[in-house]
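Notes for the one structure printed next.
If you want it as structure tokens, here you go:
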């Protein structure tokens with residue numbers, strides 16, 4: 294066996310990735326890469342020590358529009374990055390029973406608002422190739438809909454991220470009522486963005502408005518098209534707009550020796566995840582700007598080598614954080630009993646997936 298795919302709980306990937314690489318296996322890790330800074334240091338050093346391939350499965354980077362945006366940006370089509378926005382809005386309330394099983398200790402019930410950040414932030418990092426250097430975090434404490442399903446976090450989170458070139462990203466994700474997957478990038482010579490779901494196109498379509506020279510709007514290049522990928526016939530059968538195909542295709546090509554295969558390595562994975570981790574520390578400090586360490590530098594790792602701060606009691610030990618800035622709420626056990634009953638009802642239906650909410654969730658998850 295050459296490789297393993299980690300699709301266990303999102304807060305448990307790092308320990309298994311480390312074990313697998315030390316056992317001589319390449320690793321494809323689902324979202325998210327780590328839960329703590331301690332795990333981040335250990336995961337990076339396991340990659341460096343073993344020489345095994347680590348590929349982070351942030352499939353949203355390979356959706357048609359953001360993947361095309363990466364190509365155009367790397368060609369210099371819109372100049373230097375100045376500002377970008379990413380949204381991953383997924384109202385999971387209708388499918389909460391089917392993804393948490395009524396487990397009070399489930400990671401989804403105990404994560405903080407900026408934890409699950411790489412679907413919104415990751416594609417922008419992958420497009421630009423720029424490292425995040427600081428972040429300001431925000432969370433919504435309008436949480437009635439979260440509490441009634443047993444979730445203890447804020448309703449949604451925002452990361453305002455400053456990149457190494459001075460550009461800024463706004464990353465928004467969480468459980469607002471209407472779903473949205475959308476990306477926009479402003480450069481010194483223009484703008485490009487994906488379609489909006491309400492417009493009927495979404496991430497399958499890209500809009501490009503680029504000038505030949507900065508500020509010269511008389512020479513305008515406006516394009517709107519559905520990107521055609523080279524492996525489109527194969528990718529069409531895969532989920533998330535074909536992105537599931539490309540993330541795995543590139544992993545396999547990398548294992549086979551193609552050094553140009555477009556995989557997300559462990560350092561880029563941290564560039565996608567650490568802004569969410571430090572955004573929550575910003576939130577707990579009242580919304581101040583917080584520096585994001587560059588774990589490529591071994592000297593910067595020592596400060597964080599034993600940092601276990603997170604909202605998971607089994608991992609945090611003496612460094613347990615509240616699940617939101619207002620504190621960890623007390624939720625009556627009857628809420629979880631209700632979620633369990635709803636999950637069992639749906640699970641034991643004729644085919645196990647007849648509930649409309651489950652069908653909705655399978656498209657986004």
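In the working numbering, the protein residues as written are 294 to 658.
Think of the CB as a built atom: it goes at the ideal place given N, C-alpha and C, for glycine as much as any other residue.
Pairwise C-alpha distance: residue 489 and residue 518: Cα to Cα, the separation comes out at about 13 Å.
Backbone CA spacing between residue 554 and residue 544 [nearest angstrom]: The C-alpha of residue 544 is placed about 7 Å away from the C-alpha of residue 554.
Nearest-angstrom Cα separation, counted from residue 412 out to residue 323: The alpha-carbon of residue 323 is positioned some 12 Å away from that of residue 412.
Simplified DSSP state of residue 425, which is helix, strand or coil: In the structure shown, residue 425 sits in a strand (DSSP, three-state: E or B).
Presumed contact (8 Å Cβ cut-off) between residue 464 and residue 379, rounded CB distance: Residue 464 to residue 379, Cβ: 5 Å. Contact.
Other residues of its chain near residue 546: CB distance less than 7 Å, five sequence neighbours each side excluded: These residues qualify, in order along the chain: 554.
Residue 529 to residue 476 span [Cα, whole Å]: Spanning the two alpha carbons is a distance of roughly 21 Å.
Within-8 Å CB hit, residue 557 to chain B: Checking the listed chains, one finds no chain B in this structure; it contains a single protein chain.
Bridge-paired residues (DSSP) for residue 485: According to DSSP, residue pairing for residue 485 in a beta bridge involves 478 and 501.
For residue 458 and residue 301, the rounded distance between their alpha carbons: Approximately 36 Å, taken between the alpha carbons.
Paired residues, beta bridge with residue 463 - DSSP: Paired residues: 378 and 453.
Touch test, the segment 586 to 601 against the segment 316 to 335, Cβ-Cβ under 8 Å, three pairs minimum: Contact between the segment 586 to 601 and the segment 316 to 335 is present: 3 or more CB-CB pairs across the two stretches fall below 8 Å.
Boundaries of the alpha helix (DSSP H) in which residue 348 is found, first to last residue: Careful: residue 348 lies outside any alpha helix (DSSP H), inside the beta strand (DSSP E) at 347 to 349.
Local Cβ density within 10 Å of residue 402, reported as buried at 16 or more and exposed below that: Counting of Cβ neighbours within 10 angstroms places residue 402 among the buried residues, the total reaching 16 or more.
Anticipated Cβ contact below 8 Å, residue 604 with residue 404, distance rounded: Right, their Cβ atoms sit about 6 Å apart.
Burial state of residue 504 (16 or more Cβ within 10 Å): By the neighbour-count rule (16 or more Cβ atoms within 10 Å), residue 504 is buried.
Validate contact between the segment 359 to 375 and the segment 631 to 641 using beta carbons, cut 8 Å, 3 pairs: Verdict: no, contact absent.
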